[in-house]
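The opening residue of the sequence shown carries number 3 in full-length UniProt numbering; numbering runs sequentially from there.
Note that beta-carbon positions come from the ideal geometry of N, C-alpha and C, so glycine has one too.
Below you'll find the structure, written out as structure tokens, and then a few comments.
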Amino acid sequence: TNTYTIAVIPGDGIGKEVTPWAQRALERAAEGVAEFTFEPFDLGAERYLRDGAILPKEDLDRIKTTDAILLGAVGDPRIKAGILERGLLLKLRFELDQYVNLRPSKLYEGVTSPLRDPGTIDFVVVREGTEGLYCGSGGSVRVDTPEEVATEVSINTAYGAERVVRYAFELANKRRKHVTLVHKKNVLVHAGDMWQRIVDRVGREYPDVTHDYCHIDAATIYLVSDPSRFDVILTDNLFGDILTDEAGMVVGGVGYSASGCINASREYPSMFEPIHGSAPDIAGQGKANPTAAILSAAMLLRHLGFEEQADRLDAAVEADIAEQGSLERTTDEIGQAILDRIRRSLFAQSARRL
Ligand code: NAD
Ligand code: IPM
Ligand code: MN
Numbered sequence: 003t004n005t006y007t008i009a010v011i012p013g014d015g016i017g018k019e020v021t022p023w024a025q026r027a028l029e030r031a032a033e034g035v036a037e038f039t040f041e042p043f044d045l046g047a048e049r050y051l052r053d054g055a056i057l058p059k060e061d062l063d064r065i066k067t068t069d070a071i072l073l074g075a076v077g078d079p080r081i082k083a084g085i086l087e088r089g090l091l092l093k094l095r096f097e098l099d100q101y102v103n104l105r106p107s108k109l110y111e112g113v114t115s116p117l118r119d120p121g122t123i124d125f126v127v128v129r130e131g132t133e134g135l136y137c138g139s140g141g142s143v144r145v146d147t148p149e150e151v152a153t154e155v156s157i158n159t160a161y162g163a164e165r166v167v168r169y170a171f172e173l174a175n176k177r178r179k180h181v182t183l184v185h186k187k188n189v190l191v192h193a194g195d196m197w198q199r200i201v202d203r204v205g206r207e208y209p210d211v212t213h214d215y216c217h218i219d220a221a222t223i224y225l226v227s228d229p230s231r232f233d234v235i236l237t238d239n240l241f242g243d244i245l246t247d248e249a250g251m252v253v254g255g256v257g258y259s260a261s262g263c264i265n266a267s268r269e270y271p272s273m274f275e276p277i278h279g280s281a282p283d284i285a286g287q288g289k290a291n292p293t294a295a296i297l298s299a300a301m302l303l304r305h306l307g308f309e310e311q312a313d314r315l316d317a318a319v320e321a322d323i324a325e326q327g328s329l330e331r332t333t334d335e336i337g338q339a340i341l342d343r344i345r346r347s348l349f350a351q352s353a354r355r356l
């Protein structure tokens, strides 16, 4: 069996509660095929409050040598917004050049969608992960005066857009062969125009894949009025952030939404994390749904090439949801039920082989 080193950053709040279940599910699903050495990193609010460190260079260098990263969530009400989010999470995405932020949304049988008539929901958001308004370019002058001016600059490069556009078309080619570019090109004419031209040009290389365009405001409508129209949604960093929380909600809540921050060129490790945050409102109560974290572990398996094992993990989650639905259960009850299912499916498989 192959051994992989996984950096684990549970982080803050419910991140600490759900990540152990992602680790257990990962180990269990890959039993007999791969082994994982988990390397925990003490990063997040506690560390920052203790010694002021956010992401020390030694930690970053060490993380760069691992095969993949599991992250829970970062952010703590005791700490000014942005310090950990930018200094830890975004720094990792940028330094590790995780330019594809992959966020699938699927409505599982048994989950209650808030939509009256949800139909079939099965789409993937390909969110650009290293550019746009997230670059941190900008600043403030005359702070705290009536003349204060604050700027946030959105940086969009052809290089940065083209690589995610290609990723989206490749992905669509393996799915239902449709890409929807979501932007706001009626207002953000410079970046919008560039994205559209790149989509048109790259799209010509994929004659089997159709593509269309949707403004971000209308996209939020269609996501609740007609979500089955979407296959691959391609969008920039900020629009993708907003749209995927909404997407999580239409498939039953962010507790079911996994993501991968992918360095598709495989120069650096990719990172797998639920799309939700540290949820201070429910932290410490054992209420957080670990499903999103567990599905993120399945994405990690797929990324490392363990398709069959990732399928097994996905199937265990799907079956758990089908049986239990949106029933109120604790973090540990859900985590344990999914682990038991993986064990049963491994057992059934070895029995078939006998
Ligand atoms: P949030 O995602 O933490 O919570 C939004 C709502 O969803 C809350 O009501 C919460 O209770 C609920 N929720 C989230 N995950 C859940 C789960 N697994 N099971 C059940 N309910 C769940 O977003 P927020 O409140 O805007 O942010 C809280 C903190 O997390 C902030 O500091 C923010 O910056 C940070 N954040 C971090 C990440 C990340 O690390 N990837 C993502 C989003 C937000
Ligand atoms: C997410 C989060 C992050 C983002 C924040 C915490 C930086 O909201 O992963 O969706 O905006 O990407
Ligand atoms: Mn978000």
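Work out the CA separation of residue j and residue i for me, nearest whole Å.
| i | j | result |
| --- | --- | --- |
| Y215 | V184 | 6 angstroms |
| L94 | A353 | 43 angstroms |
| L245 | L306 | 27 angstroms |
| A321 | P229 | 23 angstroms |
| E309 | A300 | 9 angstroms |
| K186 | G242 | 12 angstroms |
| L302 | F274 | 6 angstroms |
| P22 | T122 | 31 angstroms |
| D44 | I11 | 7 angstroms |
| G77 | I16 | 10 angstroms |
| T67 | N188 | 43 angstroms |
| A24 | T333 | 12 angstroms |
| L72 | E154 | 30 angstroms |
| A9 | G288 | 24 angstroms |
| Q100 | L356 | 43 angstroms |
| A160 | E330 | 46 angstroms |
| L173 | K179 | 8 angstroms |
| N175 | E207 | 11 angstroms |
| I284 | D210 | 46 angstroms |
| V151 | E87 | 23 angstroms |
| A294 | H192 | 36 angstroms |
| D316 | L104 | 16 angstroms |
| D313 | S298 | 12 angstroms |
| A266 | E149 | 44 angstroms |
| Y270 | L98 | 5 angstroms |
| E29 | D233 | 31 angstroms |
| D61 | I264 | 19 angstroms |
| E110 | V253 | In the sequence on display, residue 110 carries Tyr and not Glu. Their Cα atoms are separated by approximately 7 angstroms. |
| S280 | G34 | 33 angstroms |
| G13 | L91 | 10 angstroms |
| K59 | G89 | 12 angstroms |
| H278 | K18 | 13 angstroms |
So residue i is in the beta strand (DSSP E); what residue range does that whole segment cover?
| i | result |
| --- | --- |
| residue 1 | Here the chain comprises residues numbered 3 to 356, so residue 1 is not present and cannot be evaluated. |
| T182 | H180 to H185 |
| S107 | V102 to K108 |
| T147 | Per DSSP, T147 belongs to no beta strand (DSSP E) and is neither H nor E. |
| F38 | A36 to P42 |
| V234 | V234 to T237 |
| A70 | A70 to A75 |
State the beta-bridge partners of residue i as determined by DSSP.
| i | result |
| --- | --- |
| P276 | A260 |
| G134 | I157 |
| residue 2 | As displayed, the chain neither begins before 3 nor continues past 356, which places residue 2 out of reach and without an answer. |
| D214 | T182 |
The alpha helix (DSSP H) with residue i in it runs from where to where?
| i | result |
| --- | --- |
| residue 2 | Nothing can be reported for residue 2: it is not among the residues displayed for the chain, which extend from 3 to 356. |
| I218 | I218 to S227 |
| Q326 | E309 to Q326 |
| E111 | Per DSSP, E111 belongs to no alpha helix (DSSP H) and is neither H nor E. |
| G194 | V191 to G205 |
| Y208 | It is not in any alpha helix (DSSP H) - Y208 carries neither H nor E in the DSSP assignment. |
| Y50 | A47 to D53 |
| K66 | K59 to K66 |
| V20 | G17 to A31 |
| E97 | K93 to E97 |
| A353 | T333 to R355 |
| A295 | T293 to H305 |
Measuring only from the beta carbon, is residue i closer than 7 angstroms to any heavy atom that is part of the ligand SAM?
| i | result |
| --- | --- |
| G34 | As for the ligand SAM, it is missing from this structure, which binds only the ligand NAD, the ligand IPM and the ligand MN. |
Cβ contact check for the region 323-340 and the region 124-135: 3 or more pairs under 8 angstroms: Three or more Cβ pairs closer than 8 angstroms define a contact, and the region 323-340 falls short of that threshold against the region 124-135.
Could you say if the region 132-141 and the region 244-259 meet the contact criterion of at least three C-beta pairs nearer than 8 angstroms? The count of Cβ pairs closer than 8 angstroms, one atom from the region 132-141 and one from the region 244-259, stays below three, leaving the stretches out of contact.
Would you call the region 142-152 and the region 80-94 touching, i.e. three or more CB-CB distances under 8 angstroms? no
I'd like to know if the region 154-164 and the region 196-207 are in contact, where contact means that at least 3 CB-CB pairs between them fall below 8 angstroms. By the C-beta criterion, the region 154-164 is judged to be in contact with the region 196-207, since at least 3 inter-stretch pairs fall below 8 angstroms.
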